[in-house]
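Inspection log for the structure reproduced underneath, given as structure tokens.
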Amino acid sequence: MTCFILGVSGGSGSGKTTFARMLLENLGPSLATLIAQDNYYIDQSARFDEDGGSVNFDHPEALDFKLLGEHLQELKKGQAVEVPLYDFKTHSRLKETIHFKPTPLIIIDGILLLSQLNIRDCLDCSIFVDTPEQTRYDRRLKRDVEERGRTPEGVRNQFLKQVKPMHDLFVEPSKTHASFVIDTQSEFDRLLGEFTERFQS
């Protein structure tokens, strides 16, 4: 099977995962599958102390991009891979994995994808969702409190100390590598429709 790998990037809370999931829903599991960059976090259970503490989850060194690159290369060859699982409540990599089989379209989403040469080399196309900082912060606050059991104070502290500086240093500059940059709802809808039509035909 020949796989087309689409990278969807942008800042935390930009809407990149929403785009990826909507495209996945439009196409269905026989045509498309989704890998999250977040699955490839290195186990931080021994180091994590608090939100915004010693572990900087928004720095490239927090992620196993070497393994992710190897997995993307294997998928391109038509080989299944074992995608790791990361538990954000215990900050540990679980023993269980996801047996991931290639499909015609593989979507991968994550904030730092386009900052990594070995990942960019595996992508057939890439999208960067460019969203204002306040919107991204509001969405991240809601997600981390409701889904990951964090406190508003911890989320704000982490955003100011880590998320924003890493976004400015790594994420924002990486959009120059994107095939498409989405900065309006109309662009979001247009590209979603175009990619859906492309892989349904």
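For the sequence shown, my numbering begins at 122 and goes up steadily by one. C-beta atoms are modelled at their ideal positions from N, C-alpha and C, and glycine is treated no differently.
**Prompt:** Where Ser-295 and Arg-277 are concerned, what is the direct C-alpha to C-alpha distance, given to the nearest angstrom?
**Reply:** Reading the sequence shown from its first residue, position 174 is the one you call residue 295. Reading the sequence shown from its first residue, position 156 is the one you call residue 277. Straight-line Cα distance between these residues: approximately 24 Å.
**Message:** Closest to His-192 by C-alpha separation, out of Glu-268, Glu-308, Ile-248, Asp-242, would be which residue?
**Reply:** As a first step, residue 192 is located in the sequence shown; it is residue number 71 there, counting from the start. Considering only alpha carbons, the answer is Asp-242.
**Message:** Pop quiz: Thr-317 and Leu-148 are said to be a contact at Cβ under 8 Å. What is the actual Cβ separation, rounded to whole angstroms?
**Reply:** Here residue 317 refers to the residue found at position 196 when the sequence shown is read from its first residue. Here residue 148 refers to the residue found at position 27 when the sequence shown is read from its first residue. About 6 Å separates the two Cβ atoms, so the contact holds.
**Request:** Let me know the secondary structure DSSP gives Ser-175 once reduced to three states.
**Result:** Along the sequence shown, one-based indexing puts residue 175 at 54. Residue state, collapsed to three classes: coil.
**Message:** Between the alpha carbons of Pro-225 and Gly-270, how many angstroms are there, rounded?
**Reply:** As a position in the sequence shown, residue 225 is number 104, starting the count at 1. As a position in the sequence shown, residue 270 is number 149, starting the count at 1. Near 36 Å, if we compare the C-alpha coordinates of Gly-270 and Pro-225.
**Prompt:** By how many angstroms is the C-alpha of Gly-136 removed from the C-alpha of Phe-280?
**Reply:** One-based indexing of the sequence shown puts residue 280 at position 159. One-based indexing of the sequence shown puts residue 136 at position 15. Distance between the alpha carbons of Phe-280 and Gly-136 is about 17 Å.
**Request:** List the endpoints of the continuous beta strand (DSSP E) containing Lys-216.
**Result:** Within the sequence shown, residue 216 is the residue found at index 95, counting from 1. From DSSP, the beta strand (DSSP E) with Lys-216 extends over 213-221.
**Item:** Which listed residue (Glu-315, Asp-289, Gln-165) has its alpha carbon closest to that of Asp-79
**Value:** One cannot answer for residue 79 here, as it falls past the ends of the chain, which runs 122 to 322.
**Message:** Could you compute how far the alpha carbon of Asp-164 sits from the alpha carbon of Leu-189?
**Reply:** Position 43 of the sequence shown holds residue 164. Position 68 of the sequence shown holds residue 189. Answer to the nearest angstrom: the Cα atoms are 15 Å apart.
**Message:** Please return the same chain residues whose Cβ sits closer than 6 Å to the Cβ of Gly-231, not counting the five positions on each side in sequence.
**Reply:** Position 110 of the sequence shown, counted from the start, is the residue given in the question as residue 231. Taken in chain order, the residues that qualify are Gln-158.
**Request:** Taking Ser-130 and Ala-299 to be in contact with their CB atoms under 8 Å, please state how far apart those CB atoms are, rounded to whole angstroms.
**Result:** Here residue 130 refers to the residue found at position 9 when the sequence shown is read from its first residue. Here residue 299 refers to the residue found at position 178 when the sequence shown is read from its first residue. Rounded, the Cβ-Cβ distance is 7 Å, consistent with contact.
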